[in-house]
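Student: When the letters of the sequence shown are read in order and numbered with numbering that gives the first Met the number 0, they come out as residues 0 to 599. Every residue, glycine too, gets a C-beta built ideally from N, C-alpha and C. Note that the structure is a prediction, hence the values are computed from the model and not measured.
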Amino acid sequence: MKHFRNFCIIAHIDHGKSTLADRLLDATGSVTDREKQDQLLDSMDLERERGITIKSKAIQMDYKFEEQDYVLNLIDTPGHVDFSYEVSRSLAACEGALLIVDAVQGIQAQTISNLYLALENDLEIIPILNKVDLPSANVEEASDDLVDLLGCEHEEIILASAKTGQGVEDILKAIIERIPAPEGNPDESLRALIFDSVYNPFRGVETYFRVYNGSIKKGQHIKFINTDKDYYADEVGTLGLKQEPKKEIKTGDVGYLITGIKDAREVKVGDTITDAENPTTEVIGGFEDVKPMVFAGIYPVDTDDYEELRGAMEKLQLNDASVVFIPESSAALGFGFRCGFLGMLHLEIIQERLEREFNMTVITTVPNVSYHAFERTTPEDDPILVNNPSDLPDPSLMERVEEPYIEASIITKADFIGPIMELCISKRGEIVNQTYLTTQRVELTFNMPLAEIVFDFYDRLKTVSRGYASFDYTPIGMRKSDLVKVDILLNGKMVDALSALLHRDNAYEVGKKICKKLQKLIPRQQFDIPIQAAIGAKIIARETVKALRKDVTAKCYGGDISRKRKLLEKQKAGKKRMRSVGNVEIPQEAFMAVLKLDED
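(1) Check the DSSP bridge columns for D274 and list the partner residues they point to.
(2) Around the C-beta of F340, are 16 or more other C-beta atoms found within 10 angstroms, so that it is buried, or is it exposed?
(3) What does DSSP give as the partner residues of P326 in its beta bridges?
(4) Report the three-state DSSP secondary structure of D599 (helix, strand or coil).
(5) Note the first and the last residue of the continuous alpha helix (DSSP H) segment covering L408.
(6) According to DSSP, what are the bridge partners of T360?
(7) Grab me the residues of E265's own chain with a C-beta within less than 8 Å of its C-beta, minus the 5 sequence neighbours each way, in chain order.
(8) In this structure, how does DSSP classify A141 when only helix, strand and coil are distinguished?
(9) Report the CB separation of A10 from I99 in whole angstroms; it is logged as a contact under 8 Å.
(10) Using a 10 Å radius around the Cβ and a threshold of 16 neighbouring Cβ atoms, would you call F6 buried or exposed?
(11) For S214, which of L192, F201, S196 has the nearest alpha-carbon?
(12) Residues in its own chain within less than 8 Å of K1 by CB, not counting five upstream and five downstream?
(13) What residue range does the alpha helix (DSSP H) around F456 cover?
(14) Closest to I539 by CA distance: which of C514, Q524, L520, D527 is it?
(15) Where does S644 sit, in a helix, a strand or coil, going by DSSP?
(16) Decide if F201 is buried, meaning its Cβ has at least 16 other Cβ atoms within 10 Å, or exposed.
(17) Report yes if the C-beta distance between F373 and E398 is below 8 Å; otherwise report no.
(18) When the distance is taken between beta carbons, is M343 closer than 8 Å to P326?
(19) With distances taken from CA atoms, which of A533, G535, R541, K537 is nearest D527?
(20) Kindly indicate which three-state DSSP category R562 falls into: helix, strand or coil?
(21) Quick one, are the C-beta atoms of L73 and L23 less than 8 Å apart?
(22) Which of the three DSSP states is assigned to A136 in this structure?
(23) Can you have a look at D252 and say buried or exposed, based on whether 16 or more other CB atoms are within 10 angstroms of its CB?
(24) Where does I416 sit, in a helix, a strand or coil, going by DSSP?
(25) Helix, strand or coil, according to DSSP, for D304 in the structure here?
(26) Relative to the alpha-carbon of I349, which residue among D301, G296, D390, P394 has its alpha-carbon at the smallest distance?
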């Protein structure tokens, strides 16, 4: 056991985690020349296209140091704020973490929040300054920032370049010397933590685990404590580049388990695996249940695909435990699911994975956050949960509505303080604190409603700061707010999938924009289509999609005007009748267009 080292890599987006993981694999000879490629651990097509890590990956490397053979288990983690849940799961299986900071950009918001996650798990932190080979690298300043942040010595910081391979040997040496070996008792009953799972269509559910006590053998009768189900370990092994079956996985090691489980719901990430005949009494503290921040309806384009969509969502949930969903129905779209996500990028990724991995074409409704509504008769500690605008109680019975607030931490260059403050204040933010980290870098702290940052806040922040600002947030509870429900009516009929809960000050503005946007997107019919935004019975905005007109007078050339008028009157009467029975088809873009209101 003293020759095992379990560690993960944490950093802000684009600071070089995946590239450094490639160099470590090269240096330990874990990949052959034939298997080499950039971002080797980012195996999903989506990860390669976007150049980001979405899923944590685990891989085992063998390394010889001072005539001793060591086994290193590396877990590569994502950097984007929407996937911080993946990071927390990876940290639970490790004793140490490599904290990577880009020597050009310095410490960013996500670096700090991931560092706090690692410190909460009592991990040994190895600070690494990456990209030191770049001409614009500011090694001195970035090193000073790291010393201030961690309270470490200058000598402890490793200077590296994942691109050229500089410093990789020092990193491997530091992993062996500084990160403690795993602790545990090999003679006790089996106790292992599940930190990830994947659905394989040919072999069922593959479970990734870390052994704390005892060992797990092939064919052993095991039990999952949380779900109280028992299985036989058909195959156990370690995670190389490909899975390598073994007879036994011992204390302190990381491996995979295949038990032939078909149902995705039987495996819970954070659960404890133990021996069925001699179970352990200690349950490993799992991960806190994830709290979704953004809710949206996902509906199949063809209502017959509802069951297929349910199966796809369950398999996705197995691989990404942060997705939650419950069935719901909409008058406009039929049966579908109300899903909870950690953010807008997360929503986008899930939608794309549904389309790519499961060939499902889906319609996504306008995302919103979850509110608490209090009726006059509701007790204080039992609010009505509003995840969907249609759940909002009747305004005449309602006493107040509360919305979730967050504490946003923005780190930026001093030149962009003005535009960023302007943006945050326009999003109903209140400034709490302003700290100069260095003469040029400032940390701004705001309290803001979560609903305001859901749509386009992140993109606009990048625009006003020319890409220099980094952003991270933590929820701080619910606050009373003046919210109204804005309904969209097409041809006099309400479309529930386009309803939105908005602050009263923004309702007129947004209602007007939605109507304008829909006017461009809804195809013209043989009759006029009024598009209206309403608060209750009061119409606050209206646009009209004009009717197509067939030229009925084309065959009347010359002659009496009354003949033409007769034909036009006849057409008018027909149009009137058509309007009363006409149905409007809403294209898919219309549902998504509401999110991009500010682009014009």
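Tutor: Well, looking at it:
(1) As DSSP reads the structure, D274 sits in a beta bridge with I221.
(2) Around the beta carbon of F340, 16 or more other beta carbons lie within 10 angstroms, which makes this residue buried.
(3) Its beta-bridge partners are F336.
(4) With a pLDDT of 47 at D599, under the threshold of 50, the modelled position of that residue is not reliable, and the figure given next carries that caveat. In the structure shown, the three-state DSSP call for D599 is coil.
(5) Here residue 408 is Ser; the residue named in the question, Leu, does not match the sequence. Counted as a single uninterrupted DSSP element, the stretch harbouring S408 is not any alpha helix (DSSP H) but the beta strand (DSSP E) occupying residues 397-412.
(6) T360 pairs with nothing; no bridge assigned.
(7) Within the same chain, E265 has close Cβ partners V204, F223, T226, K228.
(8) A141 falls in the helix class under three-state DSSP.
(9) With a Cβ gap of about 4 Å, A10 and I99 count as contacting.
(10) In this structure F6 is buried. Its beta-carbon is surrounded by 16 or more other beta-carbon atoms within 10 angstroms.
(11) Selected option, being the one with the closest Cα: L192.
(12) Hits under 8 Å: A180.
(13) 456-463 is the extent of the alpha helix (DSSP H) around F456.
(14) Nearest C-alpha to I539 among C514, Q524, L520, D527: C514.
(15) No answer is possible for residue 644: the residues shown for the chain start at 0 and end at 599.
(16) Using a 10 angstroms sphere on the CB of F201, the tally of other CB atoms stays under 16, which defines it as exposed.
(17) Taking a C-beta distance under 8 Å as the contact criterion, F373 and E398 qualify as a contact pair.
(18) Result no, Cβ atoms of P326 and M343 do not sit closer than 8 Å.
(19) The shortest Cα separation from D527 among A533, G535, R541, K537 belongs to R541.
(20) If DSSP states are grouped into helix, strand and coil, R562 belongs with the helices.
(21) In contact: L73 and L23 (Cβ atoms closer than 8 Å).
(22) Coil, per DSSP.
(23) Buried, by the Cβ-count rule.
(24) Three-state result, I416: helix.
(25) It is helical.
(26) Cα-wise, what sits closest to I349 is G296.
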